[in-house]
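In my numbering, the protein residues as written are 895 to 1198.
No residue lacks a Cβ here, since even glycine has one placed at the ideal position from N, Cα and C.
Notes for the one structure printed next.
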Amino acid sequence: MATFRKFIDIGANLTDAMYTGVYNGSMKHESDIQEVLKRSWDAGLCKIILTGGNVQESKKALELAQNEDRLYCTVGCHPTRCGEFEENGESPAGYLEQLKNLISVGKNKVVALGECGLDYDRLKFCSKDVQKRYFELQLTMCETVNLPLFLHCRNAADDLYEILVKYPKLRGVVHSFDGSVVEAKRFIDLGLFIGLNGCSLKTKDNLRTVETLPSDRIILETDCPWCEIKPSHAGYCFISEENRSIPSVKKEKWTPNNMVKGRNEPNNIRQVLDIVAGVRNEDTSILCEKIYQNTLSLFFPNEK
């Protein structure tokens, strides 16, 4: 009999058009968000946090969360979209106010501020100066909204650290972490958690970082529909045979009962756990429960 394990996916982009059957603007199949959620609950997901990357996406995430007891969401502006603070038809303060209003309206469903942070891999979308300016503007909300941060960091660990160290009372997680051992330790020393998904498990260097993390600082996610774990990833060999063989089909041959190849889902969080436990040589069930409690402590402290 399979062991039942409890999961919380802290980063699921279920507002993405792929879950309505649309890929690159082309309809390939009918919306299957309910089938995706059913697979998630069947796999042991107890809660899923939907990611908001700007005002409109945050609205969609909140609307989806309000229709299902086990769904929650973040509200914030992704670093690559921070230009919207200046291009939204009103002042940056007005854009910030829209984010604040969403948090207020979704009081029992919004569990984090984000996705916010810095992304220096994709500067064609937004310059460093604009990213830093509006990341700090979002941080001004933290004390009043009393929410943890859902942080994005790509090739920007030093600048992210230098900003965060100015706000010692902040709580949060650096999601989809793919940095070094040293970078992880600096964030952990600030009291932050480290979020791991398929993008955290690609290389041998990634795995060395995962191996060194304190177990009380690890949180799991999928970042679906992105960050799928592929056979070429260094961590793939640690996935159990059961969790490698989840059926999937090409989007053109979609059926309700199958996952879509190349489109990640919350249900694949089991693969992330397998790799993290395998790399660390820890009992999978014990580590899973520890991570579940870590996640509750950050996002759902009243349930601890």
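| query | result |
| --- | --- |
| Which of helix, strand or coil DSSP assigns to residue 1157 | coil |
| With 16 other Cβ atoms within 10 Å as the buried cut-off, status of residue 1087 | buried |
| Residue 939 - DSSP class collapsed to helix/strand/coil | strand |
| Closest residue to residue 901 among 1115, 1144 and 1033 (Cα-Cα distance) | 1115 |
| Sequence ranges, alpha helix (DSSP H) only - wholly within the region 913–997, length at least 4 | 927–936, 949–959 and 978–981 |
| Whether residue 1192 touches residue 1065 by CB criterion (8 Å) | yes |
| Through-space distance from residue 987 to residue 1131, alpha-carbon basis | 48 Å |
| Contacting residues, own chain, Cβ-Cβ under 6 Å from residue 969 (five flanking each side not counted) | 946, 952, 993, 996, 997 and 1004 |
| Contacts around residue 1106, its chain only, beta-carbon distance under 6 Å, and the 5 residues preceding and following it disregarded | 1075 |
| Cα-Cα separation between residue 965 and residue 1084, rounded to whole angstroms | 28 Å |
| Residue 911 (DSSP reduced to helix, strand or coil) | helix |
| Residue interval of the beta strand (DSSP E) (run including residue 1058) | No beta strand (DSSP E) contains residue 1058, which is instead part of the alpha helix (DSSP H) from 1051–1058. |
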